[in-house]
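Visitor: Line by line, the protein sequences give chains A and B.
Numbering-wise (the numbering used here), the first sequence opens with residue 1216 and increments by one.
Numbering-wise (the numbering used here), the second sequence opens with residue 161 and increments by one.
Heads up, the beta-carbon is just placed ideally off N, CA and C, and yes, glycines get one too.
All of these numbers come straight from a predicted model, not from anything done at the bench.
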Amino acid sequence: MLNRQSVLTFFLLIVPILLLPGAVGIMDQRFMQRIATVLCINLILVLGLQVFMGNSGILSFAHIGFMGIGAYTSAVLAMPVRMKSMALPDLYSCLATIELSPILAILIGALVAGLVAALVSYPLMRLSDAAAVITSFALLVVIHTIMVHWSALTNGPRTLFGLKSATNLYLAAGSAVVMVALALFFKESRAGVLLRAVRDDEIAAVGMGAHLSRLRWYGFILSALMAGFAGGLWAHFITSFSPNAFYLKETFVILGMLIIGGSLTVSGAVFGTFAVTIAYELLRFTESSINIAQLFPKPVVGLTEVVLACAMIATLILKPGGIMGAREIGHWNIFRKFFPDKNV
Amino acid sequence: MTGQIVQFGIDALSLGSLYALMALGLVIVYGILKLVNFAYGELVMVTGYTLFLLNGSPLPWLVMALVAVIIAILTGISTELVAFKPVREKSVTAVLITSFAFSTLLQNFVLLFISPRARQVPLPDIFTQTVELAGVIVPLRNLLTIACAFIMLGLFSWALKKTVLGIALRAAASQFRMARMLGVPANLIITTAFAISGLFAGVVGILWLGRIGSVVPGIGLEPLLVAFIATVIGGMRSLQGAVVGGFLLAFVDVSLNYLLPQHLLQFRDAFTFSFVILFLLMKPDGLIPGPASGERT
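1. Does phenylalanine 433 (chain B) come within less than 8 Å of chain A when only Cβ atoms are used?
2. To which residues of the same chain is alanine 1396 (chain A) closer than 7 Å at the C-beta, ignoring the five residues directly before and after it?
3. If the cut is a Cβ gap below 8 Å, which residues of chain A does isoleucine 257 (chain B) touch?
4. Run through DSSP, which three-state label would phenylalanine 1456 (chain A) get?
5. Along the chain, which unbroken stretches of the alpha helix (DSSP H) at least 4 residues long are found entirely within the region 358–440 of chain B?
6. Short check: CB of isoleucine 1532 (chain A) to CB of valine 196 (chain B), under 8 Å?
7. Just tell me which of A:Pro1514, A:Val1296, A:Ala1325, A:Tyr1287 has its CA closest to the CA of isoleucine 1361 (chain A).
8. Would you call the CB atoms of threonine 1480 (chain A) and leucine 1254 (chain A) closer than 8 Å?
9. Look up proline 1236 (chain A) in the DSSP assignment and say whether it is helix, strand or coil.
10. Can you find a C-beta in chain B that's less than 8 Å from the C-beta of serine 1221 (chain A)?
11. Nearest by alpha-carbon distance to alanine 1353 (chain A): which of A:Leu1368, A:Ala1277, A:Met1472 is it?
12. Give a yes or no on contact between the region 404–413 of chain B and the region 428–444 of chain B, applying the rule of three or more CB pairs nearer than 8 Å.
13. Would you tell me roughly how many angstroms separate the C-alpha atoms of valine 1413 (chain A) and serine 1271 (chain A), rounded to the nearest one?
14. Hey, how far is the Cα of leucine 1292 (chain A) from the Cα of isoleucine 1313 (chain A)?
15. Tell whether a beta-carbon distance below 8 Å holds between leucine 211 (chain B) and valine 281 (chain B).
16. Compute the distance between the beta-carbons of alanine 1484 (chain A) and valine 1222 (chain A), then report whether it is under 8 Å.
17. Classify glutamate 249 (chain B) as helix, strand or coil using the three-state DSSP reduction.
18. Closer than 8 Å is the cut-off here; do at least three beta carbon pairs connect the region 1435–1449 of chain A with the region 223–242 of chain B?
19. Comparing the C-beta of isoleucine 372 (chain B) with each C-beta of chain A, is any distance below 8 Å?
20. Could you give the DSSP three-state label for valine 1481 (chain A): helix, strand or coil?
21. In chain A, what lies closer than 9 Å to lysine 321 (chain B) by C-beta?
22. Less than 8 Å between CB atoms is the rule here; does histidine 1451 (chain A) satisfy it with respect to chain B?
23. Can you tell me whether DSSP reads threonine 1382 (chain A) as helix, strand or coil?
24. Helix, strand or coil for glutamine 1248 (chain A), going by three-state DSSP, please let me know.
25. Which bits of chain A does lysine 250 (chain B) rub up against, with CB to CB less than 8 Å?
26. Name the DSSP bridge partner or partners of valine 1395 (chain A)?
27. Cα-Cα, which of A:Phe1267, A:Leu1319, A:Lys1299, A:Asp1305 is closest to leucine 1448 (chain A)?
28. If we ignore side chains and look at the alpha-carbon of each, how far apart do proline 1304 (chain A) and alanine 1290 (chain A) end up?
29. Please state the DSSP three-state secondary structure of valine 281 (chain B).
30. Exposed or buried, what is cysteine 308 (chain B) when buried is set at 16 or more other beta-carbons lying within 10 Å of its beta-carbon?
31. Using the three-state DSSP reduction, which class does valine 291 (chain B) fall into: helix, strand or coil?
32. The alpha helix (DSSP H) spanning isoleucine 1532 (chain A) covers which residue range?
33. What residue ranges within the region 1281–1348 of chain A form continuous beta strand (DSSP E) runs of no fewer than 3 residues, ordered along the chain?
34. Are tyrosine 1433 (chain A) and alanine 1398 (chain A) touching if we call contact CB-CB under 8 Å?
35. Is the distance from the Cβ of threonine 1350 (chain A) to the Cβ of leucine 440 (chain B) below 8 Å?
36. Express the C-alpha separation of isoleucine 237 (chain B) and threonine 351 (chain B) in angstroms, rounding to a whole number.
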């Protein structure tokens, strides 16, 4: 069960998320709205990655693939019927007449992503270290290949269009709050604690009866569910997208957020997402200002990624656990003084 | 019928040679450091862009190719300095991420300073000529690839067995700590491993470019994946395993090319990788498990 510190962590972490709609409301600008919404969606993705990576210690590249599954599933289910004949002319007839409400479609998308993860990943959970990472990378490639070539469902490598916009900032921020709670709850749950025990000392934990592959499997499914949910939200925000949105570039950004913030804690995921988003938008602004001012003969592309890559390497060299380190924000000594834990 | 068999044999053998060289370049680093180099594919990219930048210079093509391979070797060594050395003692995941970040860094430098679009590389005529062999028309570059791979594999295995550095490399791969105690200089061995890795990637890069003719910033992804999968099939820690894995993967790829109907052919990669995942279920350590030690630095 959640102890006092975790509850405190939860309330401290949702403060910045709840402040977002207010801050954007004051500034009242469309592009701020966009940045804040994408931030909340990215936050859900980063939290999902943290659930698996933070607790099991295994890097997963497949995460963004599940985001793609959630996005395409929700898109196919929620697209207006008359748009389907244009956007997806080869769609199977049983799906062509369905039009669900976007929220329901997003939830089903998350479930499908979780289901796919459950079916595919169980055997992979036996692998550790490098082999696990390489197979998760292979899994991302498999999912990407299928998305690019299953034209009947995804419109192939071309852009899928015709979705109604359904995600707004309030929905995204609300979902992010729920996901923070979910990630914290998993961390403190029996499965989460055991999973971290396996991470820290595999032989001892397994010797005491922890079921290694099943524990990792639970974490992986929850992580895929969250990624699928974020994918659905994103699809109904951006309304037209192609499979390339769910590949290495996005993986890199999400991973960068988690690594810089610190993958061991939920606080790290939240902090990293906010910090990297702000830095990213500032850099992108610089990049486009340079291009508009035509300081260089060619347009500048890729500057943001270069800086993010350097920041990731620097973080891992200087502070391998990320900026937030190993303790959740609610466990910091400064808060311990004000909210003493009666259980300890 | 014999024609088809010859065609199939040469296709599989030449692709296999290429895959085996790629896998070997990756596994030489993994074998010693137990670290996966995600920036390995970018060495191929660097080779391609060096060739592109040298295009139009008065140098003969062979010298340009040599320069490109040397640049790949230097990039390999700089990978070690930037992405590996500072985090070598930390977790496996940390090194994976730094090398992934370094690969993104290199790619975006190219985007920033050259162009996101494909660029032609200079190639001599030998890469486009064909010869007739047992009644089949075979591209000369396939035969060139096979010859190149066998020469390199031969030289490499000779160097591993007979030279002092080669023996030290093998000792470090099986028991790194013990080798260090017996006076094998760790930093020299690690740098050598990265240099050899760069050499293989450079040669593979030239042969790979000979097949496709142009270079894009994302060119490294496919060689990287191939090398990953071949090493996983072969057994992550064994050099022979990498070669066997490379040839096996090429055999599966070429067979699927011949067997799959047209509308499924586009899913070939998905089939190949699913095969790999299934294979790992049965043999998690790969075909040739290699020395049993797992310790690093």
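Guide: The relevant details are as follows:
1. Chain A contact via Cβ: present.
2. Taking alanine 1396 (chain A) as the centre and dropping the five residues before and after it, the same chain places the C-beta of Phe1225 closer than 7 Å to its C-beta, in chain order.
3. The contacting residues are Leu1274, Leu1470, Ile1474, Met1527, Leu1531.
4. Collapsing the DSSP output to three states places phenylalanine 1456 (chain A) in a strand.
5. Those alpha helix (DSSP H) runs which fall completely within the region 358–440 of chain B and span 4+ residues are 381–394, 399–419, 422–425.
6. Cβ distance not < 8 Å, so isoleucine 1532 (chain A) and valine 196 (chain B) don't count as in contact.
7. Closest option to isoleucine 1361 (chain A), Cα to Cα, is A:Tyr1287.
8. Contact flag unset, no.
9. Reduced to three states, the DSSP call for proline 1236 (chain A) is helix.
10. When Cβ-Cβ separations below 8 Å define contact, serine 1221 (chain A) makes no contact with chain B.
11. Considering only alpha carbons, the answer is A:Ala1277.
12. The way I'd put it, the region 404–413 of chain B does touch the region 428–444 of chain B; three or more beta-carbon pairs between them come closer than 8 Å.
13. Between the alpha carbons of valine 1413 (chain A) and serine 1271 (chain A) lies a gap of roughly 7 Å.
14. CA-to-CA, the gap between leucine 1292 (chain A) and isoleucine 1313 (chain A) works out to about 6 Å.
15. Yes; because the gap between Cβ atoms is below 8 Å, this pair is in contact.
16. In this structure, valine 1222 (chain A) does not lie closer than 8 Å to alanine 1484 (chain A) by Cβ.
17. Coil at glutamate 249 (chain B), not helix or strand.
18. No, they do not touch.
19. Not an interface residue.
20. In this structure, valine 1481 (chain A) counts as helix in the three-state DSSP scheme.
21. For lysine 321 (chain B), there are no neighbours in chain A by C-beta distance under 9 Å, as the nearest C-beta there is about 27 Å away.
22. No, no contact with chain B.
23. Reduced to three states, the DSSP call for threonine 1382 (chain A) is coil.
24. Correct three-state label for glutamine 1248 (chain A): helix.
25. Neighbours of lysine 250 (chain B) across chain A, judged by C-beta separation under 8 Å: Leu1531, Pro1535.
26. Assignment of beta-bridge partners to valine 1395 (chain A) by DSSP yields no partner.
27. Considering only alpha carbons, the answer is A:Leu1319.
28. Going by the C-alpha atoms only, they are around 14 Å apart.
29. It is coil, neither helix nor strand.
30. Looking at its Cβ environment, which holds 16 or more other Cβ atoms inside 10 Å, cysteine 308 (chain B) is buried.
31. Look at valine 291 (chain B) here: in three-state DSSP terms it is strand.
32. Annotation: the continuous alpha helix (DSSP H) that includes isoleucine 1532 (chain A) extends over 1518–1533.
33. Counting only runs that start and end inside the region 1281–1348 of chain A, there is no beta strand (DSSP E) element of at least 3 residues.
34. No. Outside cutoff.
35. Yes. Within cutoff.
36. Spanning the two alpha carbons is a distance of roughly 6 Å.
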